[in-house]
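Chains A and B supply the protein sequences, listed in that same order.
Just so we're aligned: the first sequence equals residues 1 to 115 in our numbering.
Just so we're aligned: the second sequence equals residues 116 to 361 in our numbering.
For each residue, glycine too, the CB sits at the ideal point set by N, CA and C.
Remarks on the structure that follows.
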Amino acid sequence: MNNCFGFISLLLFSVLPFTCVAKEYKLILKDHLFYPAEIIVPANTKLKLLIENQDSTPEEFDSFDLNREKVLYPNRRSVIYIGPLSPGRYEFFGEFSPNTARGAVLVEGKTDADN
Amino acid sequence: MLITSLLMSINQLLPVVILLVLLQSLLKLNQRMLIATAFVGLLCSIIYVQSAAWLSQLFDYRGLEFSQMLLCVIVYVASLVSCKQRHLFALLAIVAVMALYLSHYFIYLVGFWHNTDTAKPLLIGTSLGIGICGSFGVLLLFLLHSVRARFGVYPLMLFLAFNASAKLLIALDLASQIDLINITSNYFDWRAVLVENSELGRVLKALVGYEATPSKTALWLYLAAVLVFIGTSIVFTRQFSQKEPS
Chain A
1 MNNCFGFISL LLFSVLPFTC VAKEYKLILK DHLFYPAEII VPANTKLKLL IENQDSTPEE
61 FDSFDLNREK VLYPNRRSVI YIGPLSPGRY EFFGEFSPNT ARGAVLVEGK TDADN
Chain B
116 MLITSLLMSI NQLLPVVILL VLLQSLLKLN QRMLIATAFV GLLCSIIYVQ SAAWLSQLFD
176 YRGLEFSQML LCVIVYVASL VSCKQRHLFA LLAIVAVMAL YLSHYFIYLV GFWHNTDTAK
236 PLLIGTSLGI GICGSFGVLL LFLLHSVRAR FGVYPLMLFL AFNASAKLLI ALDLASQIDL
296 INITSNYFDW RAVLVENSEL GRVLKALVGY EATPSKTALW LYLAAVLVFI GTSIVFTRQF
356 SQKEPS
């Protein structure tokens, strides 16, 4: 049993990080809308999204393209790291208000293959 | 609001129902145990919801992810140990999965319940979601019972291995979300084949953790977790059958 736990721990922590400083982008949720609705970011860069929910209701940041999901509590800040990403459009939305709270991360620049 | 409530309730309830049915088919848990577990699970979810806003501000806004990662690991390990016919670990897995998923839905319910315009669609959407997940659970239960009767417990263990390993994928995404690990940027893109937010994509996600754009790290972790689960559960089953008089 101990071997089993040891192996699982090894699996989880073997991919531990060489963390680098991520560029910060601020996102505001107000009246169930994301501001700005589109964020233009460079390719192959790690990003830190600082999201402030200014609504009185909670929201869930969700993105199938980015594999991210996080509850945004009313009048609180949340942080989500994304990337490094290849050029393209990565959509996100508020799961509690999917018709209004929508946005996208537009990744621009050269890929590693282009360099 | 009605559609959102329906989708939210299905998204959050289906993974709970699937694990519950899987463990029930595998371990034949008795009804009293299940009712007590459901009650404890609901209580844990409510406590988790109450503390979630405070928790989210801890560790440089990373507290919620840490707690969710812990719950994911508990689900995986407890599901694995339950293959040794340890009923308590199966119940622990159910409580952890309830706290992980139902807390999301409770946050949604609590957030919008006070609004008179949204209360009715919330109630209807939730009722429909519970009905759909209940029907799905009953059908799955009959399917798994017939599979067990025909092929034995190993196909169920394989299914449980995929289902439980999917929780480690969630933990991996959460770890990446808070910059705890670096995941490879080389994503596979299967969105042209099956998008995650389609009906089948959502069901497959709840059943076996389907992701349309997984990273290589995620695939390797998933594969390793499934293999460890299968290997260990086979050892556990043989140990148990040797102890049990035939």
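Contacts of residue i in chain B (Cβ-Cβ under 7 Å)
| i | result |
| --- | --- |
| D65(A) | T328 |
Residue i: contacting residues in chain A (beta-carbon distance under 8 Å)
| i | result |
| --- | --- |
| H202(B) | Those do not exist, as H202(B) stays about 17 Å from chain A at its closest Cβ, beyond 8 Å. |
| A167(B) | V71 and Y73 |
| E311(B) | F64 |
Bounding residues of the alpha helix (DSSP H) (the contiguous stretch that carries residue i)
| i | result |
| --- | --- |
| A104(A) | Premise fails: A104(A) lies in the beta strand (DSSP E), R102 to E108, not in any alpha helix (DSSP H). |
| I133(B) | L117 to L142 |
| S291(B) | Y269 to Q292 |
| V190(B) | G178 to S197 |
| I161(B) | Q146 to L170 |
| Y223(B) | H202 to W228 |
| L319(B) | E314 to V323 |
Beta carbon of residue i nearer than 9 Å to that of residue j
| i | j | result |
| --- | --- | --- |
| N312(B) | F64(A) | yes |
| G249(B) | V350(B) | no |
| K46(A) | Y81(A) | yes |
| L170(B) | S182(B) | yes |
| A264(B) | I209(B) | no |
| T244(B) | S120(B) | With the sequence shown as reference, residue 244(B) is identified as Gly, and Thr is not the correct amino acid for it. Yes, these two residues count as a Cβ contact at 9 Å. |
| A327(B) | V310(B) | yes |
| I39(A) | L50(A) | no |
| G94(A) | A104(A) | no |
| D288(B) | N99(A) | no |
| K48(A) | D294(B) | yes |
| L149(B) | L137(B) | no |
| L275(B) | L217(B) | no |
| F227(B) | L215(B) | no |
| I298(B) | S261(B) | no |
| S386(B) | M213(B) | Look at the range of chain B in this structure, 116 to 361, and you will see that residue 386(B) is not part of it. |
Partner residues on chain B for residue i, Cβ-Cβ distance less than 8 Å
| i | result |
| --- | --- |
| L70(A) | It should be pointed out that residue 70(A) corresponds to Lys in this sequence rather than to Leu. Here the neighbours are L179, E180 and Q292. |
Proximal residues of chain B, C-beta to C-beta of residue i below 9 Å
| i | result |
| --- | --- |
| T45(A) | Here the premise fails: no neighbours, minimum Cβ distance about 10 Å. |
Unbroken beta strand (DSSP E) run spanning residue i, endpoints
| i | result |
| --- | --- |
| Y73(A) | Element bounds for Y73(A): n/a, residue is neither H nor E. |
| G94(A) | G88 to G94 |
| L33(A) | L33 to Y35 |
| F303(B) | Neither: F303(B) is in no beta strand (DSSP E) and is coded neither H nor E. |
| L297(B) | With the sequence shown as reference, residue 297(B) is identified as Asn, and Leu is not the correct amino acid for it. Taken as a continuous stretch (DSSP letters only), N297(B) belongs to no beta strand (DSSP E), as it is neither H nor E. |
| L49(A) | L47 to N53 |
| V41(A) | E38 to P42 |
| F61(A) | E59 to S63 |
| L85(A) | Neither: L85(A) is in no beta strand (DSSP E) and is coded neither H nor E. |
| L116(A) | Any question about residue 116(A) goes unanswered here, given that chain A covers just 1 to 115. |
Residue from the options with nearest C-alpha to residue i
| i | options | result |
| --- | --- | --- |
| F96(A) | I150(B), M123(B), L195(B) and I298(B) | M123(B) |
| L141(B) | D232(B), P270(B) and R177(B) | P270(B) |
| E108(A) | P98(A), F92(A), G83(A) and N99(A) | G83(A) |
| Y117(A) | A43(A), L50(A), E60(A) and T100(A) | Nothing about residue 117(A) can be read from this structure; chain A reaches only from 1 to 115. |
| A321(B) | A281(B), L334(B) and F303(B) | A281(B) |
| P74(A) | V41(A), L85(A) and F61(A) | F61(A) |
| A168(B) | L33(A), I28(A), L72(A) and E24(A) | L72(A) |
| V225(B) | R77(A), E59(A) and I51(A) | E59(A) |
| K57(A) | H32(A), E69(A), K23(A) and S78(A) | Here residue 57(A) turns out to be Thr, not Lys, going by the sequence shown. With distances taken between Cα atoms, T57(A) lies closest to H32(A). |
| S86(A) | A37(A), P36(A) and V41(A) | V41(A) |
| V190(B) | L336(B), V318(B), S330(B) and I285(B) | I285(B) |
| R186(B) | Y163(B), S197(B), Q200(B) and F174(B) | In the sequence as displayed, the identity of residue 186(B) is Leu instead of Arg. Looking at the Cα atoms, Y163(B) is the closest of the given residues. |
| V318(B) | C159(B), L255(B) and K143(B) | L255(B) |
| I345(B) | M213(B), L315(B), L149(B) and L273(B) | L273(B) |
| L283(B) | G246(B), E180(B) and A234(B) | E180(B) |
| E24(A) | L106(A), A37(A), G88(A) and V79(A) | V79(A) |
Under 9 Å by beta carbon: chain A residues contacting residue i
| i | result |
| --- | --- |
| T119(B) | E95, F96, S97, P98 and N99 |
7 Å Cβ cut-off: residues of chain A touching residue i
| i | result |
| --- | --- |
| M213(B) | By Cβ distance, chain A contributes nothing, its closest Cβ being about 17 Å from M213(B), past 7 Å. |
| Q172(B) | R76 |
| Y176(B) | R77, S78 and V79 |
The ligand ZN heavy atom lying under 8 Å from the CB of residue i
| i | result |
| --- | --- |
| F277(B) | Inclusion of the ligand ZN in the displayed structure is not the case, the ligand content being empty and no account of it being possible. |
Could you list the residues in the stretch 92-104 of chain A with a C-beta less than 9 Å from some C-beta on chain B, going in chain order? Taking a C-beta cut-off of 9 Å against chain B, the contacting residues of the stretch 92-104 of chain A are E95, F96, S97, P98 and N99, listed in chain order.
Could you please tell me which residues of the stretch 220-254 of chain B, in chain order, have their CB closer than 7 Å to any CB of chain A? Look at the stretch 220-254 of chain B: the residues with a C-beta under 7 Å from a C-beta of chain A are I222, Y223, G226 and F227.
Can you pull out the residues from the stretch 76-93 of chain A whose beta carbon lies closer than 7 Å to at least one beta carbon of chain B? For the stretch 76-93 of chain A, which is checked against every Cβ of chain B, the residues closer than 7 Å are R76, R77, S78, V79, I80, Y81, P84, L85 and S86.
Using a Cβ-Cβ cutoff of 7 Å, what residues of the stretch 151-165 of chain B are near chain A? List them in chain order. If the cut-off is 7 Å between Cβ atoms, the stretch 151-165 of chain B has nothing near chain A.
Mind listing which residues of the stretch 120-141 of chain B have their C-beta closer than 9 Å to chain A's C-betas, in chain order? Those would be L122, M123 and N126, in chain order.
For the stretch 26-43 of chain A, which residues have a CB atom closer than 7 Å to at least one CB atom of chain B, in sequence order? Against chain B - using a Cβ distance shorter than 7 Å - the stretch 26-43 of chain A contributes no residues.
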